[in-house]
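Residue numbers (UniProt numbering): 1 to 233. These notes concern the structure reproduced below.
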Amino acid sequence: MAISHFVLIHTVCHGAWTWYKLTPVLEAAGHKVTALDLAASGIDPRQIEQIGSFDEYSEPLLTFMASLPEGEKHMMAIPKKDTVPFTYVNKAETITGWKMGFKFLSENVFTACTPEDCKLATMLLRKGSLFQSILAKREKFTKEGYGSIKRIYVYTDSDEIFKPYFHSWQIENYKPDKVYKIEGGDQKLMLSKTNELAQILNEVADTYASCLPLNHLLLCMGATINKLSHVFT
1 MAISHFVLIH
11 TVCHGAWTWY
21 KLTPVLEAAG
31 HKVTALDLAA
41 SGIDPRQIEQ
51 IGSFDEYSEP
61 LLTFMASLPE
71 GEKHMMAIPK
81 KDTVPFTYVN
91 KAETITGWKM
101 GFKFLSENVF
111 TACTPEDCKL
121 ATMLLRKGSL
131 FQSILAKREK
141 FTKEGYGSIK
151 RIYVYTDSDE
161 IFKPYFHSWQ
171 IENYKPDKVY
181 KIEGGDQKLM
191 LSKTNELAQI
201 LNEVADTYAS
211 CLPLNHLLLC
221 MGATINKLSH
231 VFT
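Right, dumping it as structure tokens:
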């Protein structure tokens, strides 16, 4: 089995803690795992109202990526987004933010997770933002950046946030090199279907990691990745 370095990135309002079940499973298989808190997420001390752009939000990831040894092979896993809105102003820019309540979480996000995981989420979730108005002004994807990476798409039809038609639309636009469908679970497959997801990641490592250079594989958990496209430009 190929040994890889997995860089695990959380979705909006969450943190590195969402990967607490998957990390030891991957490590037991011999992989190196890094789970990062983005700005104003997890235990990062900043508040979302202090973050004025997606570049600032993703600074921990960009700094980490820049620190990796040249030629090191790694894979990045990014889950989909789930949200409830509010707004704030930073540097004259009105930014839409998100905060989730227990009812929304239990009925839509953590539907197949244990009660303990759902309760953990209510304790650790923070306000976040998708920075949509800022990202809408960004340059489009390039073949040299986004087009140069291998893309893996993982999803479940049991997702209560994004329905099957959305995943079909995503796959058509995302154009992944490989699609994996997990039966059952919920939006947080790293918590509700940990072993199944780990098996997929091991297969992905065997298939791709041994033959791809740095920055050349992105695994997406049933979602868009346009917000991190500048990592690959």
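We put the CB at the ideal spot given by N, CA and C, even for glycine. Predicted, not measured: the structure shown is a model, and the values here were computed from it.
Backbone CA spacing between residue i and residue j [nearest angstrom]
i      : j      : result
LEU130 : SER58  : 11 Å
THR34  : HIS14  : 16 Å
LEU201 : GLN170 : 20 Å
VAL7   : MET75  : 6 Å
VAL12  : MET1   : 32 Å
GLN132 : MET100 : 18 Å
ALA198 : THR207 : 14 Å
HIS31  : SER67  : 19 Å
ASP186 : TYR165 : 16 Å
ILE95  : PRO45  : 20 Å
PHE141 : ILE43  : 31 Å
LYS127 : GLU70  : 35 Å
VAL231 : ILE9   : Residue placement at VAL231 is poorly supported in this model, since its pLDDT is 43, which falls under 50; the coordinates still yield a value, given next. If you take the alpha carbons of VAL231 and ILE9, they lie about 13 Å apart.
PRO24  : ASP117 : 16 Å
VAL179 : PHE110 : 23 Å
GLU93  : THR18  : 30 Å
PHE102 : GLU144 : 42 Å
ALA40  : TRP98  : 12 Å
LEU120 : GLU49  : 24 Å
GLU160 : PRO60  : 30 Å
DSSP-derived helix/strand/coil call for residue i
i      : result
TYR155 : strand
TYR20  : coil
SER104 : First, the amino acid is wrong: residue 104 is Phe here, not Ser. Helix.
THR142 : coil
GLY147 : helix
MET1   : coil
PHE64  : helix
GLU116 : helix
THR83  : Because the pLDDT at THR83 is just 44, under 50, the model does not fix this residue reliably, and the value given afterwards should be weighed accordingly. DSSP places THR83 in coil when its eight states are reduced to three.
SER168 : helix
CYS13  : coil
SER58  : coil
SER129 : strand
ILE95  : strand
LEU38  : coil
ALA136 : coil
ALA77  : strand
Option in the options with minimal Cα separation from residue i
i      : options                           : result
THR63  : GLY42, ILE48, GLY52 and ASP37     : ASP37
SER192 : ILE9, LYS21, GLN47 and ALA16      : LYS21
ASP55  : ARG138, ALA29 and THR114          : ARG138
ALA16  : LEU124, LEU105 and GLU107         : LEU124
ASN108 : LYS163, GLU49 and PRO176          : LYS163
THR194 : GLU49, THR114 and GLN47           : THR114
TYR174 : GLU160, ILE149, LYS188 and SER158 : ILE149
PRO176 : TYR146, ILE51, GLN47 and PRO60    : TYR146
CYS47  : ASN90, ALA29 and LEU61            : According to the sequence shown, residue 47 is Gln rather than Cys. Ranking ASN90, ALA29 and LEU61 by Cα distance to GLN47 puts ASN90 first.
Nearest-angstrom beta carbon gap, residue j and residue i [assumed within contact, 8 Å]
i      : j      : result
GLY184 : ALA112 : 7 Å
THR122 : LEU105 : 6 Å
SER53  : ALA205 : Rounded, the Cβ-Cβ distance is 33 Å, inconsistent with contact.
Heavy atom of the ligand ADP within 7 Å of residue i beta-carbon
i     : result
PRO24 : Among the components modelled here there is no ligand, and therefore nothing to report on the ligand ADP.
Checklist entry - Would the segment 170 to 179 and the segment 151 to 158 be scored as touching if the rule is three or more Cβ pairs under 8 Å? => result yes
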